[in-house]
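Residue numbers (UniProt numbering): 1 to 165.
Note that beta-carbon positions come from the ideal geometry of N, C-alpha and C, so glycine has one too.
What you are looking at is a predicted structure, and each value in this text was computed from that prediction instead of being measured.
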């Protein structure tokens, strides 16, 4: 599923103006320690698997659904690893500010494959050979894989512009 109907409906009213939206991101590693990434169809960039939390849906449910929809893999959340907001402007000019909940996930079953029209490719990458990633993906990965297992967040007063690239 590309854009949920409720967002399409809101866009009819606000055009490309800013929407505040809940989202989830999955940090998934396989038995070899490689990281699951998807190449986004909208801008061609690689990223962690992410998506919208739909109205009435719990974040962990959205996470499992998004990973299955985009990659064909079944995962189980291990813990919530980050809570950050970040801006995103889509190639068509739509502006969003996402409240993103990042989760460290355990791979349950499946073979990674492009499973919908949101991804150009999906694949497993060694941590020392990741493709270029945006600062949101890097932050979500860093919080999920750090030794301190507390949920990561940006300190009070920090803006997205303060986060290093």
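1) If we count Cβ pairs, one from each stretch, closer than 8 Å, do we get three or more for the segment 50–58 versus the segment 141–152?
2) Tell me, please, which residues DSSP counts as bridged to residue 98.
3) Could you spell out the range, first to last residue, of the alpha helix (DSSP H) harbouring residue 65?
4) Are residue 77 and residue 99 touching if we call contact CB-CB under 9 Å?
5) With a CB to CB cut of under 7 Å and the five nearest residues on each side skipped, what residues in its chain are close to residue 16?
6) In this structure, how does DSSP classify residue 129 when only helix, strand and coil are distinguished?
7) Suppose contacts are defined by Cβ-Cβ distances below 9 Å. Is residue 71 in contact with residue 114 by that definition?
8) Can you tell me where the alpha helix (DSSP H) holding residue 7 begins and where it ends?
9) For residue 136, does the count of other Cβ atoms within 10 angstroms reach 16, so buried, or fall short, so exposed?
10) The alpha helix (DSSP H) with residue 138 in it runs from where to where?
11) Is residue 116 helix, strand or coil by DSSP?
12) Who are the Cβ neighbours of residue 6 in its own chain at under 8 Å, not counting the five residues just before and after it?
Reading it off the structure:
1) no
2) Taking the first residue of the chain shown as position 1, residue 98 is located at position 98. Answer by DSSP bridge pairing, in chain order: 21, 86.
3) The residue labelled residue 65 in the question sits at position 65 within the chain shown. Unbroken alpha helix (DSSP H) run through residue 65: 59–71.
4) Taking the chain shown and counting its residues from 1, one reaches residue 77 at position 77. Taking the chain shown and counting its residues from 1, one reaches residue 99 at position 99. No, these two residues do not count as a Cβ contact at 9 Å.
5) Here the question's residue 16 lines up with position 16 in the chain shown. Closer than 7 Å at Cβ, skipping near neighbours: 93, 94, 95.
6) Counted from its first residue, the chain shown places residue 129 at position 129. Helix at residue 129.
7) For this step, residue 71 is matched to residue 71 along the chain shown. For this step, residue 114 is matched to residue 114 along the chain shown. A contact, by the Cβ cut-off of 9 Å.
8) Within the chain shown, residue 7 is the residue found at index 7, counting from 1. From DSSP, the alpha helix (DSSP H) with residue 7 extends over 5–14.
9) On the chain shown, residue 136 is found 136 positions in, with the first residue counted as 1. Residue 136 is buried by the Cβ-count criterion.
10) Locating residue 138 in the chain shown gives position 138, where the first residue counts as 1. Element bounds for residue 138: 135–145.
11) In the chain shown, counting from the first residue as 1, residue 116 sits at position 116. It is coil, neither helix nor strand.
12) Translated into positions along the chain shown, residue 6 becomes position 6. The answer, listed in chain order, is 54, 55.
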